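Report on the structure given below.
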Amino acid sequence: MQAPTYFRRTYDETMTLMVEARNYMAYVERREREQAGAVAGLRMSCEAMRVTSRLTQVMAWLMMQRAVHEGEIEPHTALDEANRLSGGEVCLDDSFSRDESLPGGLRSLLERSFSLYQRVVRLEQQMMQRVN
């Protein structure tokens, strides 16, 4: 079965964001965090982990969808609670949008990972509606 159009674009976007986030956290975030005060640095660390959580959740969900399209698992298995997108409480928190003290690079990653996570939530909801 051929993967739907959304899969390749979403997968590519997720991989691109993962690489960008890794590079930012490896080469920029630490320096910015060290220059910030203790409280601001802690907030930056928490938000960097939020980016990581979003991207990890989305990639796990995409791998499950790929397994369906490769015929490795049945579609209903991918919709079992254990295989669905999770981490909503952390990943759907958008409090970063009101925090102007966060560096621009981190804010950009937060915004784009938030948008990606929301899009995958909608895709999963559509799949669940088709089954029910």
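So the sequence shown is numbered by my numbering: it starts at 1 and just counts up by one.
A virtual CB, placed ideally from N, CA and C, is assigned to each residue, including glycine.
The structure displayed is predicted, hence computed values, not measured ones.
Inside the segment 9-60 only - alpha helix (DSSP H) runs reaching at least 4 residues: Correct list: 30-35.
DSSP three-state assignment for residue 87, whether helix, strand or coil: Translated into positions along the sequence shown, residue 87 becomes position 87. Coil.
Exposure of residue 103, with buried meaning 16 or more beta-carbon neighbours within 10 Å: Numbered from its first residue, the sequence shown carries residue 103 at position 103. Under this definition residue 103 is a buried residue.
For residue 120 and residue 39, believed in contact at Cβ under 8 Å, the rounded distance: Position 39 of the sequence shown, counted from the start, is the residue given in the question as residue 39. Position 120 of the sequence shown, counted from the start, is the residue given in the question as residue 120. About 32 Å; that fails the 8 Å criterion.
CA nearest to the CA of residue 123, picked from 96, 91, 62 and 37: What you label residue 123 is simply residue 123 of the sequence shown in a count that begins at 1. Measuring from the Cα of residue 123, the nearest candidate turns out to be 62.
Same chain only: Cβ atoms within 8 Å of residue 94, ignoring 5 sequence neighbours per side: Translated into positions along the sequence shown, residue 94 becomes position 94. Take residue 94, set aside five residues on each side of it, and the residues of its chain with a beta-carbon closer than 8 Å to its own are 114, in chain order.
Reference residue 130, options 32, 79 and 68, closest by Cα: Taking the sequence shown and counting its residues from 1, the one referred to as residue 130 is at position 130. With distances taken between Cα atoms, residue 130 lies closest to 79.
Residue 106 versus residue 90 - alpha carbon distance: Counting from 1 along the sequence shown, the entry for residue 106 is found at position 106. Counting from 1 along the sequence shown, the entry for residue 90 is found at position 90. Per the coordinates, the alpha-carbon of residue 106 lies some 16 Å from the alpha-carbon of residue 90.
Pairwise C-alpha distance: residue 92 and residue 75: Looking up residue 75 in the sequence shown gives position 75. Looking up residue 92 in the sequence shown gives position 92. A direct Cα-to-Cα measurement between residue 75 and residue 92 gives close to 25 Å.
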